[in-house]
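Protein chains in written order, with full-length UniProt numbering: chain B, 1 to 544; chain H, 1 to 396.
Each residue gets a CB set at the ideal place from its N, CA and C atoms; glycine is no exception.
Have a look at the structure below, then the notes.
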Amino acid sequence: MKKIICESCGHENPEGTVLCGACGKPIENNQHIDGNQSGKLLNMRYEGSARRSQTHNKSIIDKIWNFFSSVKVGVTLIVITLIASAVGTIFPQEMYIPPNVNPAQHYADQYGILGKIYYQLGFHNLYSSWWYMILIAMIGTSIIIASLDRVVPLYKALKMQKPKRHTSFLQRQRLFSKTESVSKEDMETVAAKLKSQRYKLTEEDGHILAEKGRFSRWGPYVNHIGLIVFLLGALLRFVPFLYIDDYVWVREGDTVVVPETDQQYYVKNEEFIIETYDEQDKRYQAAIKKQGGSVPSNYQTDAVIYKASNASVAGEDPELEVVKEGSIQVNKPIKFDGFALYQSSYQLDEFKTMTFKIHETEDEEEEALTSFTVDLTNPEYEYELDNGFRVVIDQYFPEYYLDDGSPASKSKYPRNPAFVFFVYPPNEDSPEVSFAGIGRNVDATGENDYKVGLQNFEVRDVTGLTVKKDYTLPFIALGGLIFMIGVIQGMYWQHRRVWIHPSESGVWLAAHTNKNWYGIKRDIEKAIDGTEVKMVQDQQELDE
Amino acid sequence: MGDLTTISSNLLYLAFILYLIATFVFAGTIRDKRTDSGDSKLGKVAITITIIGFLTQIGYFITRWIASSHAPVSNLFEFTTFFGMMLVFAFIIIYFIYRLNLLGVFTLPVALLIIAYASMFPREISPLIPSLKSHWLYIHVTTAATGEAILAVSFAAGLIYLIKKVDQTKRSKRTTWLEIVLFSIVSTLGFVVVSSIFSGLNYSAEFQFPVEGQEITAEYQLPALAGPNGGELLTGDAMQPWFEAPGWMQGENAARKFNTLLWSIVTGAVLYLLARLILRKRIAAAIQPLLRKTNADLVDEISYRAVAIGFPVFTLGALIFAMIWAQQAWDRFWGWDPKEVWALITWFFYAAFLHLRLSRGWHGEKSAWLAVGGFAIIMFNLIAVNLIIAGLHSYA
Ligand code: HEM
Numbered sequence: 001m002k003k004i005i006c007e008s009c010g011h012e013n014p015e016g017t018v019l020c021g022a023c024g025k026p027i028e029n030n031q032h033i034d035g036n037q038s039g040k041l042l043n044m045r046y047e048g049s050a051r052r053s054q055t056h057n058k059s060i061i062d063k064i065w066n067f068f069s070s071v072k073v074g075v076t077l078i079v080i081t082l083i084a085s086a087v088g089t090i091f092p093q094e095m096y097i098p099p100n101v102n103p104a105q106h107y108a109d110q111y112g113i114l115g116k117i118y119y120q121l122g123f124h125n126l127y128s129s130w131w132y133m134i135l136i137a138m139i140g141t142s143i144i145i146a147s148l149d150r151v152v153p154l155y156k157a158l159k160m161q162k163p164k165r166h167t168s169f170l171q172r173q174r175l176f177s178k179t180e181s182v183s184k185e186d187m188e189t190v191a192a193k194l195k196s197q198r199y200k201l202t203e204e205d206g207h208i209l210a211e212k213g214r215f216s217r218w219g220p221y222v223n224h225i226g227l228i229v230f231l232l233g234a235l236l237r238f239v240p241f242l243y244i245d246d247y248v249w250v251r252e253g254d255t256v257v258v259p260e261t262d263q264q265y266y267v268k269n270e271e272f273i274i275e276t277y278d279e280q281d282k283r284y285q286a287a288i289k290k291q292g293g294s295v296p297s298n299y300q301t302d303a304v305i306y307k308a309s310n311a312s313v314a315g316e317d318p319e320l321e322v323v324k325e326g327s328i329q330v331n332k333p334i335k336f337d338g339f340a341l342y343q344s345s346y347q348l349d350e351f352k353t354m355t356f357k358i359h360e361t362e363d364e365e366e367e368a369l370t371s372f373t374v375d376l377t378n379p380e381y382e383y384e385l386d387n388g389f390r391v392v393i394d395q396y397f398p399e400y401y402l403d404d405g406s407p408a409s410k411s412k413y414p415r416n417p418a419f420v421f422f423v424y425p426p427n428e429d430s431p432e433v434s435f436a437g438i439g440r441n442v443d444a445t446g447e448n449d450y451k452v453g454l455q456n457f458e459v460r461d462v463t464g465l466t467v468k469k470d471y472t473l474p475f476i477a478l479g480g481l482i483f484m485i486g487v488i489q490g491m492y493w494q495h496r497r498v499w500i501h502p503s504e505s506g507v508w509l510a511a512h513t514n515k516n517w518y519g520i521k522r523d524i525e526k527a528i529d530g531t532e533v534k535m536v537q538d539q540q541e542l543d544e
Numbered sequence: 001m002g003d004l005t006t007i008s009s010n011l012l013y014l015a016f017i018l019y020l021i022a023t024f025v026f027a028g029t030i031r032d033k034r035t036d037s038g039d040s041k042l043g044k045v046a047i048t049i050t051i052i053g054f055l056t057q058i059g060y061f062i063t064r065w066i067a068s069s070h071a072p073v074s075n076l077f078e079f080t081t082f083f084g085m086m087l088v089f090a091f092i093i094i095y096f097i098y099r100l101n102l103l104g105v106f107t108l109p110v111a112l113l114i115i116a117y118a119s120m121f122p123r124e125i126s127p128l129i130p131s132l133k134s135h136w137l138y139i140h141v142t143t144a145a146t147g148e149a150i151l152a153v154s155f156a157a158g159l160i161y162l163i164k165k166v167d168q169t170k171r172s173k174r175t176t177w178l179e180i181v182l183f184s185i186v187s188t189l190g191f192v193v194v195s196s197i198f199s200g201l202n203y204s205a206e207f208q209f210p211v212e213g214q215e216i217t218a219e220y221q222l223p224a225l226a227g228p229n230g231g232e233l234l235t236g237d238a239m240q241p242w243f244e245a246p247g248w249m250q251g252e253n254a255a256r257k258f259n260t261l262l263w264s265i266v267t268g269a270v271l272y273l274l275a276r277l278i279l280r281k282r283i284a285a286a287i288q289p290l291l292r293k294t295n296a297d298l299v300d301e302i303s304y305r306a307v308a309i310g311f312p313v314f315t316l317g318a319l320i321f322a323m324i325w326a327q328q329a330w331d332r333f334w335g336w337d338p339k340e341v342w343a344l345i346t347w348f349f350y351a352a353f354l355h356l357r358l359s360r361g362w363h364g365e366k367s368a369w370l371a372v373g374g375f376a377i378i379m380f381n382l383i384a385v386n387l388i389i390a391g392l393h394s395y396a
């Protein structure tokens with residue numbers, strides 16, 4: 001690779017350098033790179049170091065590299081993602097619409113033609129769409145390449161800088177002053193006062209560089225690393241065993257296997273509890289009244305977690321050993337072996353059993369001739385009853401509704417159970433058909449001698465628990481932490497430098513900071529206080 | 001507990017009045033010929049009143065916390081008032097760095113408006129529903145609001161910059177946009193004014209109208225310019241709506257909110273036109289001469305610095321703490337809920353701001369416009385997302 005020897009100090013700079021790494025003299029043929037114009041203030045970006053993206057432009061790799069290392073491209077990507085994200089909030093995403101509707105229909109019905117277009121363009125699932133993912137991936141790539149492109153040259157440049165700087169470098173700093181005559185003591189006072197403000201001084205032939213907060217220059221790179229770790233952490237979700245997201249319904253009193261645990265863990269729902277705020281509570285009275293009463297204060301499942309202790313032989317019930325007992329509340333999941341169970345939903349008063357009686361249709365007293373109990377989670381096919389009756393369940397609708405006139409079930413959960421029974425009277429071979437459910441018993445033919453009626457039922461609550469295992473969280477958290485460290489490092493500290501440059505009988509003062517110019521000016525004001533040295537002038541013209 | 005609640009709301013009133021006085025005293029410093037810095041006596045008086053006001057509002061916050069047994073950041077009124085309080089706090093911090101009196105003249109009115117706006121929402125102490133019962137709620141909400149408040153100071157400084165720098169000799173896109181920004185501020189005032197008037201009059205009009213096949217009723221606290229679609233006025237002596245809200249406005253509260261928006265804009269327009277009539281020039285043009293002494297460079301720096309300070313706080317509160325809480329409450333740290341997405345959008349926006357400023361040299365006016373845009377996004381998230389786009393977070 002070609003090297004550029006600085007005419008002024010003889011330092012060997014890599015090709016593409018804008019300002020000599022040692023003395024800061026602008027390198028004549030490269031001023032176009034950062035748009036420096038003679039007579040104007042220097043562009044101090046990345047110390048005028050040689051970056052790959054500014055020097056290589058031949059191969060396809062160079063082109064890709066240059067594309068992604070451009071901040072213009074990076075910002076454009078961010079802005080596109082920003083706009084896309086906003087579009088995604090115009091109508092609810094698919095995951096927030098009711099679960100049992102047809103999305104195409106739903107968007108068109110609810111939001112008219114706009115909703116229809118929204119759906120057809122795939123905005124209803126925007127954030128998991130391939131092109132949104134690609135945008136994020138491109139931002140990630142851009143962060144990596146842009147950072148690599150700059151951090152190495154910047155590191156070298158900051159390591160190599162000399163206290164003695166070329167005059168054109170000093171004159172073209174934003175903060176600059178010339179003092180014609182200054183005593184040696186005054187110059188020493190200024191240096192000492194900078195030092196007492198925790199500047200680090202380095203000296204070369206009486207030229208002094210006072211510097212502080214250099215580490216803040218690495219802030220952006222640290223925060224970008226954090227972002228990348230975060231994004232990679234999010235990608236880890238797609239590794240199956242690192243991330244599990246499942247759901248289980250448990251009825252009160254039941255013990256069920258926790259999904260995704262290889263039949264190892266079981267959870268028992270001892271009791272599901274809903275508590276509401278006391279409507280007499282003085283503090284909240286007014287608000288509760290306004291909200292129409294009964295504001296929930298707690299959703300809780302009292303649960304027991306078991307572990308199957310014998311390597312369960314197929315068909316045999318495993319032996320269960322209690323691992324944990326406790327309550328699961330919203331905001332307080334129960335945790336075991338990397339899994340967490342969250343209180344996430346519930347169903348009150350689901351039917352557990354229904355007891356039906358059979359009586360004569362004519363009998364106004366509806367006196368039971370016999371009765372039978374259906375266990376709704378596990379209904380039997382046939383019931384042999386007293387007095388010679390026999391009942392066969394022909395159809396079972398756990399959550400009954402009328403779908404265009406014909407009976408159907410909304411779900412497999414017994415929330416509104418209904419049955420079609422075949423009732424075989426004593427010594428009969430052909431059954432009578434009866435329909436029975438909550439508040440209805442219908443005689444299919446109108447000619448039945450016997451009627452089936454609901455006599456009794458038991459209900460219980462069901463709790464819905466989310467089953468989560470997420471080994472990606474530590475990566476995500478680490479990414480967030482690194483990001484915060486980097487962003488604070490870069491924002492709450494600044495890299496400030498003051499060059500003290502003795503001239504014949506006086507001194508030149510120049511200063512640069514990457515941000516907070518007000519702060520560095522105050523530092524200098526303090527340092528020159530009581531000396532002959534003139535305050536630096538802000539040479540920046542804000543006249544665009 | 002009733003007493004404590006009363007004390008609490010009185011403290012809030014008091015804080016409001018103190019901020020109002022402080023604003024006028026800060027405004028008085030503009031006339032101070034010598035210097036625009038905190039060394040002036042008047043400036044010291046103003047910041048002292050501001051600090052007393054802030055402490056008074058802290059008093060409101062603590063007493064309300066005790067009265068309600070949870071941190072008062074759980075509904076729109078509480079959250080927005082808190083935001084106003086943190087805006088004052090952020091101003092105090094920035095004031096002690098830069099000692100620019102003028103910043104008070106612009107920041108405190110914004111804080112006043114926000115608190116007044118907040119007070120238009122139901123102010124009862126409400127109980128916490130289970131998902132809000134977490135320490136992370138307080139930590140998340142308070143930090144996020146603080147971050148947004150610091151970012152809002154950047155808006156105030158950006159506005160000063162624009163009023164000072166935008167050429168008012170002839171009409172341009174920039175003058176128009178600047179007037180639009182000022183008009184939105186006036187409209188917020190308009191909202192507060194009409195809401196107060198009609199709530200003072202105890203105005204109420206009930207409507208019955210169909211939503212998804214069901215007849216429901218809604219109560220308007222403002223006379224209905226726009227009634228609900230297919231609605232029927234139940235209250236006898238109330239004003240008949242001038243027209244009906246369009247049918248695509250869904251939900252039981254949509255039409256009422258739309259009506260409120262109309263009222264704000266109408267009142268804002270009246271106030272704005274009155275001001276124009278009196279001043280006989282653009283509002284920004286009328287303010288401009290008062291800023292002659294102001295150092296544009298310094299204001300630009302303050303605007304940027306506020307972003308530099310606010311961005312990390314915002315990230316921590318609105319994204320990181322939010323994720324920790326969401327992980328606990330809803331078992332996923334991120335769910336693409338509208339409120340979350342708008343926090344992300346805000347974050348993207350300020351990230352873009354920082355990169356543009358750093359690498360593309362967007363200083364001065366461009367940077368000031370960005371600061372205004374950022375604040376618009378924050379306000380959108382604070383208010384519009386709650387009111388328009390419902391989500392898990394919708395308090396009201
Ligand atoms: C949302 C994603 C991003 C965030 C949150 C972010 C954050 C930051 C922050 C906070 C800074 C420091 C700014 C300052 O000191 O004022 C920074 C600097 C920087 N970022 Fe990003 N960044 C993101 C994406 C990108 C992308 C896509 C690029 C690619 C072009 C990029 C390139 C840079 C560069 C070149 C710097 C300046 C480094 C220096 O001054 O040494 N960033 N970034």
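Under the three-state DSSP convention, the category residue i falls into
i        : result
H/Val166 : coil
H/Ser134 : coil
B/Glu325 : strand
B/Met535 : coil
B/Ile274 : strand
H/Ser40  : coil
B/His501 : strand
Residue i beta carbon near ligand 1 (any heavy atom closer than 6 Å)
i        : result
B/Val152 : no
B/Ile139 : yes
B/Leu158 : no
H/Leu354 : yes
B/Ser142 : yes
B/Asn223 : yes
H/Leu279 : no
Beta-carbon neighbours of residue i, restricted to chain H and to distances below 8 Å
i        : result
B/Pro296 : Ile129, Pro130
Any C-beta of chain H under 7 Å from that of residue i
i        : result
B/Tyr342 : yes
B/Asn331 : yes
B/Ile488 : yes
B/Ile80  : no
B/Lys468 : yes
B/Gly480 : yes
B/Arg283 : yes
B/Tyr299 : yes
B/Thr463 : no
Partners in chain H for residue i, counting only beta-carbon separations shorter than 7 Å
i       : result
B/Gln93 : Trp336
Close beta carbons around residue i, own chain, < 7 Å, minus the five adjacent residues each side
i        : result
B/Pro103 : Glu94, Ile97, Tyr119, His124
B/Arg150 : Tyr46, Arg51
B/Thr531 : Asp186, Thr189, Val190
Proximity test, residue i beta-carbon vs ligand 3 heavy atom, cut-off 6 Å
i       : result
B/Val71 : Ligand 3 is not part of this structure, which contains only ligand 1.
Under 8 Å from the C-beta of residue i: neighbouring residues of chain B
i        : result
H/Glu219 : Per Cβ cutoff of 8 Å: no residues; H/Glu219 is ~11 Å from chain B at best.
H/Phe333 : Leu473, Ile476
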